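Chemist: In order, the protein sequence lines correspond to chains A and B. Just so it is clear: in the first sequence, position 163 is 163 by my numbering, and no numbers are missing. Just so it is clear: in the second sequence, position 152 is 1152 by my numbering, and no numbers are missing. Backbone N, C-alpha and C fix where the C-beta goes; we use that ideal spot for every residue, glycine too. Just so we're clear, the structure is a prediction, and the values are computed from it rather than from any experiment.
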Amino acid sequence: MIPILFGITLICFVVINLAPGSPASFTEELSPKASPEAVEALIKLYGLDKPIHERYLNWLRMVVTLDLGKSFVDGRDVQEKIKERLPITLTLNLLSLFLILIISIPIGIYSALKPGSIFDRALTVFVFTGFSIPTFWLALLAMIIFGVNLGWLPISGIQSIGNENMPFLQRLLDWIKHLILPVTIMSFAGLAGMSRYTRSSMLEVLRQDFIRTARAKGLPEKVVIVRHALRNALLPVVTLLGLAIPGLIGGSVIFESIFSIPGMGQLFYASAMARDYPTIMGILIIGAFLTLIGNLLADIAYFIIDPRIRVKRDV
Amino acid sequence: MFKLIIKRVLKNKLAVAGLTFIFIVFFIAIFANNIAPYDPYKINVYKVLEPPSKEHILGTDELGRDVLSRIIYGARVSLKVGFIAMGIAILTGTILGAIAGYYRGFIDTIIMRLVDVMLAFPTLFLILAVVAVLEPSIYIIMVVIGLTGWMDVARLVRAEVLSLKEREFVLAARAMGASSGRIIFIHILPNAIYPVIVAATFSVGGAILIESGLSFLGLGIQPPEPSWGGILSVGKDYITVAWWMSLFPGIAIFLTVLSFNLLGEALRDALDPKQWAED
């Protein structure tokens, strides 16, 4: 865990230092009237006159103490900016992760029960459509159809104006309405991985001897599938959950910019466009950190669900 | 083995459809000059935002350029980015994976830690950060997409190498005095090639999707160069008045990526011995 965290900071730092010009020169572009002294002061302020390893260590020291620096754009603390946007992105991602789970696992199971059937093939095409479709395009189409033409759903933001003054239930309904489109499309894109994995895992288990034994004992098919096969087939899916996180968080850049959702992805996009290096680095680190936490949770879940792991740790 | 795989893939109707479509896109990209009805850069202020008609089958864009011609030329960008990014990812992943699996020990630990680190980043964040820091250009996009997509290949190749390097034919080669490089490249890697081909097929589709997303965000292929994501990016601003600018490039991206993915899935099935037990 520690070496990975260290590697993450190193890559963040390298990426930012690929930049040909310094941020100070960018300030100059924006305000050509900036005096040489002002530019000099700016360079000093951000420590840009120091050698690169020293800058890395200084920055690392800050990161370790959870100080991500100040934004170039508005001078606010980066961790503050991220903190106010993180809950929105997390909510969106957790909601779609949940939706992906409850849709893709049944899809995977049903396809595995009758591999090669029309049903299996139709589901394959369905999940591959989600996997291959440019999500920004689908989002755009959905906005036009459901938002503009039919007028059923709002197309931007996460709440209507005046949401704060509504009674609680109405507020909740308002949020749900705003989240339907982004969450559905995000989940559609993520179905393939999980359902294909469930399918092949299930197929694998169904070939095992103990399934034949269970059937030979005369157990009803339902019991064989649910009690014997499913339990074993779903174990590896837990690991996949952890692996799905970076894709989802990364995708939030696109979704949040399209639907104008004020989350971390939108902040990242704005920072990238403005070359706000401290914010870019901060979000990169937080994003990678979230993935690590996700993987850790998946490992713990695996440990809890699978009693074999507790006995044979090194498998 | 090769013939058998081809035979199995050709049995899969979806994969055949995908393969056909990929050939068509290739054909269009190569002969874009001859096929495109108009110059994709030619601005015509008298024909701005015209809906699809006999003259302009897919309509015109905000500068009066022919959308069909721009989509035809856009195929070049997509295929170029898709295949070169795939090449970079596969090459990096194969080499690092082979080194890690063959030499084990310290170097294995370092490479696998690097894989873990790279996998921890939300890929799109990392790509956007690099593209934003450097000026976006088609070359940078290809390299960045490639360098953020090699980790799965490295893991896969490493696992293959680990299982292959103890096999008799490798031991025999070593006994005959073959060098490590020769053993890796001549004896081991050719035996690990099929799963890599599957990964490569998926990675072309993935790279095309990422490129179009970047161009859509304005951080990919820069106008006036025609790219599918770029046309969409402008199209979204005119979507209520000119739906054709948004609909058609999206279909092009979708069908191309879908074709590569269906082909990849068919290849994966063809290589799975359990599915063909009766053969």
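Can you list the residues of chain A that D1116(B) reaches, using a CB-CB cut of under 8 Å?
Modeler: Within 8 Å Cβ-Cβ: I4, G7.
Chemist: Pick out whichever of L290(A), S104(A), W59(A) has its Cα sitting closest to the Cα of L234(A).
Modeler: Taking only the C-alpha atoms, the option nearest L234(A) is S104(A).
Chemist: By the DSSP assignment, the alpha helix (DSSP H) with M62(A) in it spans what residues?
Modeler: Taken as a continuous stretch (DSSP letters only), the alpha helix (DSSP H) holding M62(A) covers 52-64.
Chemist: Rounded to whole angstroms, what is the Cα-Cα separation between V315(A) and F255(A)?
Modeler: Model confidence at V315(A) stands at a pLDDT of 43, short of 50, so the residue's coordinates are unreliable; what they give is reported in the following sentence. When rounded, the distance between both Cα atoms is 39 Å.
Chemist: Could you tell me which of T89(A), P87(A), V63(A), I88(A) sits nearest to D77(A), measuring between CA atoms?
Modeler: Per the Cα distances, V63(A).
Chemist: So, are the CB atoms of F259(A) and P182(A) less than 8 Å apart?
Modeler: Yes, they are a contact pair.
Chemist: Relative to chain E, which residues along the segment 1123-1134 of chain B have a C-beta separation below 9 Å, given in chain order?
Modeler: The structure shown contains no chain E; the protein chains it does contain are A and B.
Chemist: Which residues share a DSSP beta bridge with D77(A)?
Modeler: In DSSP, D77(A) forms a bridge with K70(A).
Chemist: So, do the segment 126-135 of chain A and the segment 1252-1267 of chain B have three or more beta carbon pairs nearer to each other than 8 Å?
Modeler: They touch, by the three-pair rule.
Chemist: Under three-state DSSP, which class holds T1148(B)?
Modeler: Reduced to three states, the DSSP call for T1148(B) is coil.
Chemist: List the endpoints of the continuous alpha helix (DSSP H) containing R212(A).
Modeler: Residues 209-216.
Chemist: Quick one: which chain A residues come within Cβ less than 9 Å of F1121(B)?
Modeler: The answer, in chain order, is I8, I11, C12, P246, G250, L284, G287, A288, T291.
Chemist: Ignore the nearest five residues each way along the sequence and tell me which others in G294(A)'s own chain have a CB closer than 7 Å to its CB.
Modeler: Within the same chain, G294(A) has close Cβ partners G242, I245.
Chemist: Under 9 Å, CB to CB, which of the residues in the segment 1249-1264 of chain B have a partner in chain A?
Modeler: Under the 9 Å Cβ criterion, the segment 1249-1264 of chain B contributes P1249, G1250, I1251, I1253, F1254, L1255, T1256, V1257, L1258, S1259, F1260, N1261, L1262.
Chemist: Does the beta carbon of I1239(B) come closer than 8 Å to any beta carbon on chain A?
Modeler: True, the Cβ-Cβ gap to chain A drops below 8 Å.
Chemist: Relative to the alpha-carbon of K1013(B), which residue among L1262(B), I1239(B), A1159(B), R1268(B) has its alpha-carbon at the smallest distance?
Modeler: Comparing Cα-Cα distances from K1013(B) to each of L1262(B), I1239(B), A1159(B), R1268(B), the minimum goes to L1262(B).
Chemist: Between R1104(B), G1181(B), D1116(B), R1182(B), which lies nearest to V1153(B) when the distance is taken from Cα to Cα?
Modeler: With distances taken between Cα atoms, V1153(B) lies closest to D1116(B).
Chemist: May I ask which residues mark the beginning and end of the alpha helix (DSSP H) holding A1032(B)?
Modeler: Taken as a continuous stretch (DSSP letters only), the alpha helix (DSSP H) holding A1032(B) covers 1032-1035.
Chemist: In or out: K1042(B) buried (at least 16 other Cβ within 10 Å) or exposed?
Modeler: Exposed, since its Cβ has fewer than 16 Cβ neighbours within 10 Å.
Chemist: In chain A, which residues lie with their C-beta within 9 Å of the C-beta of S1246(B)?
Modeler: Under the 9 Å cutoff, chain A gives W137, L140, L141, I144.
Chemist: Identify the contact partners of K1236(B) in chain A, using a Cβ-Cβ distance below 7 Å as the criterion.
Modeler: Per Cβ cutoff of 7 Å: L140.
Chemist: Flag this pair as yes or no: are the beta carbons of I1210(B) and I1145(B) separated by less than 8 Å?
Modeler: Contact: yes.
Chemist: What first and last residue would you give for the alpha helix (DSSP H) that runs through R1008(B)?
Modeler: Looking at the DSSP string, the run of the alpha helix (DSSP H) that includes R1008(B) is 1002-1011.
Chemist: Measure how close the beta-carbons of A1132(B) and L1271(B) come, nearest whole angstrom, since I'm counting them as under 8 Å.
Modeler: Going by Cβ atoms, the distance from A1132(B) to L1271(B) rounds to 39 Å, so no, they are not a contact pair.
Chemist: With a Cβ-Cβ cutoff of 8 Å, do G1213(B) and G1230(B) count as a contact?
Modeler: Cβ atoms of G1213(B) and G1230(B): not closer than 8 Å.
Chemist: Does the distance from the CB of T239(A) to the CB of A298(A) come in under 8 Å?
Modeler: Yes.
Chemist: Take every Cβ of the segment 1046-1054 of chain B, pair it with every Cβ of the segment 1175-1194 of chain B, and state whether three or more of those distances are shorter than 8 Å.
Modeler: No: the two stretches stay apart, fewer than three of their Cβ pairs being nearer than 8 Å.
Chemist: Mapping the DSSP letters down to three states, classify T1060(B) as helix, strand or coil.
Modeler: Correct three-state label for T1060(B): strand.
Chemist: Might you give, ordered along the chain, the residues of its own chain that have their beta carbon closer than 7 Å to the beta carbon of I300(A), omitting 5 neighbours on each side?
Modeler: Cβ within range, chain order: n/a, list empty.
Chemist: At least one CB of chain A closer than 8 Å to the CB of I1193(B): is that the case?
Modeler: No - not a single Cβ of chain A is within 8 Å of the one on I1193(B).
Chemist: Cα-Cα, which of F1021(B), E1265(B), V1241(B), V1077(B) is closest to A1199(B)?
Modeler: Nearest option by C-alpha distance: E1265(B).
Chemist: Does the beta carbon of I185(A) sit closer than 8 Å to a beta carbon anywhere in chain B?
Modeler: No, because no Cβ of chain B sits closer than 8 Å to the Cβ of I185(A).
Chemist: Cβ atoms of I1022(B) and I1028(B): under 8 Å apart, would you say?
Modeler: In this structure, I1022(B) does not lie closer than 8 Å to I1028(B) by Cβ.
Chemist: With a Cβ-Cβ cutoff of 8 Å, do M264(A) and A229(A) count as a contact?
Modeler: No, they are not a contact pair.
Chemist: Would you be able to state if there are at least three C-beta pairs under 8 Å between the segment 1236-1250 of chain B and the segment 1170-1184 of chain B?
Modeler: The segment 1170-1184 of chain B, when compared against the segment 1236-1250 of chain B, does not touch it at the 8 Å Cβ threshold.
Chemist: Could you please give me the residues that DSSP links to D1066(B) through a beta bridge?
Modeler: DSSP, once it has assigned bridges, lists T1060(B) as partnering D1066(B).
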